[in-house]
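Chains A, B, C and D are the protein sequences, given in the same order.
Anchor point for the first sequence: position 42 equals 42 in our numbering, and the numbering is continuous, going up by one each time.
Anchor point for the second sequence: position 170 equals 527 in our numbering, and the numbering is continuous, going up by one each time.
Anchor point for the third sequence: position 20 equals 734 in our numbering, and the numbering is continuous, going up by one each time.
Anchor point for the fourth sequence: position 193 equals 1264 in our numbering, and the numbering is continuous, going up by one each time.
4 protein chains.
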Amino acid sequence: MLRVGMLTSGGDCQSLNATMRGVAKTLYNSGKDVEIIGFIEGYKGLMYNNYKVMKPGDFSGILTEGGTILGTSRQPFKLMRVPDAEGRDKVEEMKKTYARLKLDCLVVLGGNGSQKTSNLLSEEGLNVVGLPKTIDNDLWGTDMTFGFQSAVNIATNAIDCIHTTAASHGRVFIVEVMGHKVGWLTLHAGIAGGADIILLPEIPYDIEKVVKALEKRNKEGKRFSIIAVAEGAISKEDSELTKKELKKKNLNRVYPSVSYEIGAQIQEMTGQEVRVTVPGHMQRGGEPCAYDRVLSTRLGAAAANLILKKQFGYMVGLRDQDIVPVPLSEVAGKLKSVDPESSIIKEAKSLGICFGD
Amino acid sequence: MLRVGMLTSGGDCQSLNATMRGVAKTLYNSGKDVEIIGFIEGYKGLMYNNYKVMKPGDFSGILTEGGTILGTSRQPFKLMRVPDAEGRDKVEEMKKTYARLKLDCLVVLGGNGSQKTSNLLSEEGLNVVGLPKTIDNDLWGTDMTFGFQSAVNIATNAIDCIHTTAASHGRVFIVEVMGHKVGWLTLHAGIAGGADIILLPEIPYDIEKVVKALEKRNKEGKRFSIIAVAEGAISKEDSELTKKELKKKNLNRVYPSVSYEIGAQIQEMTGQEVRVTVPGHMQRGGEPCAYDRVLSTRLGAAAANLILKKQFGYMVGLRDQDIVPVPLSEVAGKLKSVDPESSIIKEAKSLGICFGD
Amino acid sequence: MLRVGMLTSGGDCQSLNATMRGVAKTLYNSGKDVEIIGFIEGYKGLMYNNYKVMKPGDFSGILTEGGTILGTSRQPFKLMRVPDAEGRDKVEEMKKTYARLKLDCLVVLGGNGSQKTSNLLSEEGLNVVGLPKTIDNDLWGTDMTFGFQSAVNIATNAIDCIHTTAASHGRVFIVEVMGHKVGWLTLHAGIAGGADIILLPEIPYDIEKVVKALEKRNKEGKRFSIIAVAEGAISKEDSELTKKELKKKNLNRVYPSVSYEIGAQIQEMTGQEVRVTVPGHMQRGGEPCAYDRVLSTRLGAAAANLILKKQFGYMVGLRDQDIVPVPLSEVAGKLKSVDPESSIIKEAKSLGICFGD
Amino acid sequence: MLRVGMLTSGGDCQSLNATMRGVAKTLYNSGKDVEIIGFIEGYKGLMYNNYKVMKPGDFSGILTEGGTILGTSRQPFKLMRVPDAEGRDKVEEMKKTYARLKLDCLVVLGGNGSQKTSNLLSEEGLNVVGLPKTIDNDLWGTDMTFGFQSAVNIATNAIDCIHTTAASHGRVFIVEVMGHKVGWLTLHAGIAGGADIILLPEIPYDIEKVVKALEKRNKEGKRFSIIAVAEGAISKEDSELTKKELKKKNLNRVYPSVSYEIGAQIQEMTGQEVRVTVPGHMQRGGEPCAYDRVLSTRLGAAAANLILKKQFGYMVGLRDQDIVPVPLSEVAGKLKSVDPESSIIKEAKSLGICFGD
């Protein structure tokens, strides 16, 4: 009997169920005697011994369903390599549950923080396999995370909708896209949606440059402009502050988010009417797109195959066209961000997209 | 030579182009010698003599395109039956353009305010035909306005996306839907999206009732709840204030919109985490849905047929299954709002949806 | 204890689950003690005593799911007002199951044939409530059936996809739309998709007129044409045959469907390349659209309210904006087809759409 | 003055316009004096001197539009390395047009056959840059062609629609997916749609194995099965025939396509009802998806940058995350097909998907 624990951790995304289905169908199809234990609401379930024994039928019909049938919650600790006392207690609780349920391994679907924890558990001796979940595409070790392309579709659709209304009214429209520290989602949705200006956390913007780009469009007779702004976009000025200085400055901010601040600045500097739209949590939800379903199914199957071969301590990732194992120790704590010198940024710039730098 | 002026007025919506195509194709197909003059940015174009002479090709391929190829702007005046001096000047300018271009009639695609103006122009002696445009579905004289069903689709999709993420995280989610004075859009999207609570301008809410409904769901073991809130939703308390008192109270409001206020109240009263999503202008944009394309094409054809029969002073509307002319004088200044005693509200209530009353 | 049987009969469609959810939620929400019995695969389940006792949870999360959680099958007999011996036996079996399960009533989601049967059962003394299911929109007694608008969306999307490829290649494209006896689906999808020619069962076509319409487009320099053809479209010639003569002629037909025959004729008569696309069963499947979800929820709630008031022998239908009960005896055996003299056909013709007559 | 010719060749696909926009915007944005000549209907336009001089405005608003604003046609010759007399004449005509218009280079958006021709023209001394267009994803030298992911979405959506109806009726459904020689589209849509059986040209199928897989599902109590079949799927038996033998056998085939033949065989061998759906040309049409828009924009920009750097004789392709130039001579005449031993096939098999081998 192979006993496999499974959990989904952190913010949800569109293809979690498809991925779990991939793992489960492959395990069940292996001919081995398999029992899958699903932990409720992520690491919490592992910590507090809250789980249910899954049946094959639980994984039927979920390929196209958004969300997660297991529920999820924020990952449990601001992880440090040497956890503090409270952190240690949590780890011990998780190890106890793992032992009590006689698990052969634990499958963790999670993003950056969650995979740091899965690496910690691996170092503590648990058999762990990780799966790269996030709409942010910021996980090191994989070309693509599942959830990303589905989120790109939603953010792009938001820009498409705004496009027609911006054109009809001749206004500047800002669409705020998710992504606190990385700009992948904004970059892809911005290009796909035909945004004129794209502002990313990785490329601090100069509001003067943004305004100049808008004025250039006006001069060319273009009646409207679309700006895709990442939640985590930052001005050049702010990017040069120390963490402490920035924190202090943020306390005095009056706008609900950076997009509103940028909008107000543009309105003041140009006199043009500016509107801000924030699709927000919509970007995590709804059905996974075909791309994500294929990726998730493949990743899930590959994770199951690692388990069947008793290869633990890896996350599976897409590299080139293949699914490959990547040591969790290499994944943990690294962020894959947009390189301002990368091919895609250069192409976008040569096309005339302004990044505010 | 039949000379037809055309303009789109007020907030844009998804099926304006499809409607204009319906008018134009029918006029061109009549065998008469027809020239269509498109005014740029709504009544502004009529006022400031800003227009372009349209060609049949201009109306090709626009059936599926959102926005308006003519551009639009807010309708020009807070309309009063007896316009003030400034208003009179504007009216005179519009009449002059109409005369200068030797128009046989003017086609106005617009919502409530815009059709009040078109009625005024009709009373001033212009030959006017109106077309019922609005995502709000609040025009008197038609069962359905074009734009409404497309907006319902987008707002419903927003709720669908939020649904999966709400379920995964076990949270209360508020989706704010467009509609300042009427709740049609929120009502339909709320029912279509399976919202548990729907708050409309027409049915002032009691926050205690809302909280009670949430607690009932918690007791039943449901981990999450969805609330669809119209932009113009109002509490019972506020609905009993005079206009003046309300204005004063609004000055002191700290939340960007009623949804955030409701969210904060719920969070405080229940301790549950609440998230607010505002799809905003997205609801006006993107492709018209099939329903709207059929409705718009029919309305456009019917408007053209009125013109060909020289029947002016009407808006065309859907009544039962037929497109019928409705005197502009009957349309002007009336609002079609949701009747709290209507069939649809009773059905929704019997299903268990809470309206906060 | 209120004991309610429920079944879905005939070809499936998109909003069956949403409708059953509407019935169930309203019954459960009534405060009465309710048990719902779901018959498996339509009338078969009632005949062969194949059912499951439903729980509230079974109706959770199915608002957006296509298909039917109960399964369906063709309705059991070519119904005659005076059933033959075999038919009588089936009826007796159904009555026995109904009695054995001590049902207070039976809810039937079905189209034309299925509602004839439900009327028969009603005449036999069972308490029946019907719900108007069909993508064909051909049920008498309701302005709209659920499933129709979802199917219109899919057929329209098919035409949209074909549109771009037709335009790129300058070809004639035929899209075959479902509907054997009635043309509602083809008519609506054809208008929504901007088809140049629409062929319906209700308006027999003259191939010469079709070819003339194509040639007119060619002369106007339009490089492509789209023809929406109902499965049941019929030539003038064939429409004048007796049933027997037509049957004989059909035996010798070489084409898989009328669209292919029309395509071959056009190709021969004009020399233009013609392509045929048949979206087929896709039109019944996938998620219900927002319109259908609202309609289904309302119809379901209204049906439940009839049950709670012990009013049986009705189908619920949409009339104007209200959901109203219609006696099953009035619904049974009538077909709601497209009137060639109706408002919508006249509008479409004035726009220039050719119906081949 | 930089004079750039551009054409789209072969079957159309969803992202042709987005790609041309990418090329054009980058060229116009370069600061150089650029004139773009668009050839009408592919190589035909180049051969017969049929073209239009493009303006920047022609490339506005086409990012989201399917089809091609230039029109397309089959590529002109069954290409051989040493063209015959007629072929030579065509080549000479194309060279004449190129010279007459004083082009600095020619941009060719096309698939396998079209890039063979573009390589030929390159060898003849023209400055050519190729862009990898095809829904088949079978072009050598790029990880992904534009059009592919959009087509995957449509084919997947077809399977999704069929899924609900298959489940409701308990039937076997076959969805025939495009792809004559390669199975990429069927493979991806099949996995994304949750197909139980996938039949590809690259993996000849044994009908007995297919039937066995269906029977296994029946035994497990699964009421329905979905089979994704590539247009070019071939039985083991047929795959062992010589070309001549196969041609002869094909002459006697009674079914319109391999899917219908497989359907008939299954129906005969198992007694189960089988339905076939053929989305057909829909798969080439409609809006490009976000993925394709990003890919197309990047490829277009990269192609323009090659032109600006006067690097000719290349196709641009996606390799890993970068857009790279690939010599046309390497691309020409090679087919990228699905490797039966590849990672993705192994993953799909381990999941339990049957490939009939």
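Idealized CB from N, CA, C, for every residue including glycine.
Beta-bridge partners of residue i, as assigned by DSSP
i          : result
Tyr1028(C) : Val843(C) and Pro1041(C)
Leu427(B)  : Looking at the DSSP assignment, Leu427(B) forms no beta bridge with any residue, so it has no partner.
Thr848(C)  : Gly861(C)
Tyr205(A)  : Ser235(A)
Phe783(B)  : This structure cannot settle anything about residue 783(B), because the visible part of chain B is limited to 358 through 714.
Val410(B)  : Ile394(B)
Leu1073(D) : Val1105(D)
Which of helix, strand or coil DSSP assigns to residue i
i          : result
Phe148(A)  : helix
Ala1266(D) : coil
Ile516(B)  : helix
Ala228(A)  : strand
Gly893(C)  : coil
Arg1033(C) : strand
Tyr612(B)  : coil
Thr8(A)    : strand
Gly141(A)  : coil
Glu1106(D) : strand
Gly773(C)  : Rather than Gly, the amino acid found at residue 773(C) in this sequence is Phe. Reduced to three states, the DSSP call for Phe773(C) is helix.
Gly1158(D) : helix
Val1179(D) : strand
Leu1192(D) : helix
Leu914(C)  : strand
Through-space distance from residue j to residue i, alpha-carbon basis
i          : j          : result
Pro684(B)  : Phe860(C)  : 33 Å
Lys593(B)  : Val821(C)  : 39 Å
Gly725(C)  : Phe1295(D) : 15 Å
Pro1127(D) : Gly424(B)  : 21 Å
Leu1172(D) : Asn932(C)  : 30 Å
Ala99(A)   : Gln506(B)  : 55 Å
Ala1156(D) : Pro1147(D) : 14 Å
Leu899(C)  : Leu16(A)   : 37 Å
Lys1315(D) : Ile1337(D) : 27 Å
Ser699(B)  : Asp136(A)  : 45 Å
Gly904(C)  : Ile911(C)  : 8 Å
Phe887(C)  : Arg989(C)  : 5 Å
Ser707(B)  : Asn1019(C) : 8 Å
Ile40(A)   : Leu675(B)  : 51 Å
Leu460(B)  : Met377(B)  : 17 Å
Gly1027(C) : Met761(C)  : 20 Å
Val53(A)   : Glu1247(D) : 38 Å
Lys1060(C) : Leu656(B)  : 12 Å
Met1(A)    : Glu35(A)   : 7 Å
Ser417(B)  : Leu652(B)  : 18 Å
beta-carbon residue i near the ligand FMN non-hydrogen atom, thresh 6 Å
i         : result
Lys600(B) : Ligands in the displayed structure: none, and consequently the ligand FMN is not present.
Anticipated Cβ contact below 8 Å, residue i with residue j, distance rounded
i          : j          : result
Tyr1183(D) : Asp1209(D) : For the sequence presented, residue 1183(D) should be read as Asn rather than Tyr. About 6 Å; that satisfies the 8 Å criterion.
Gly1000(C) : Thr1348(D) : Rounded, the Cβ-Cβ distance is 12 Å, inconsistent with contact.
Ile560(B)  : Gly713(B)  : 7 Å
* Asked: In chain order, which continuous runs of the beta strand (DSSP E) of length 3 or greater are located wholly inside the segment 274-312 of chain A?
  -> 274-277
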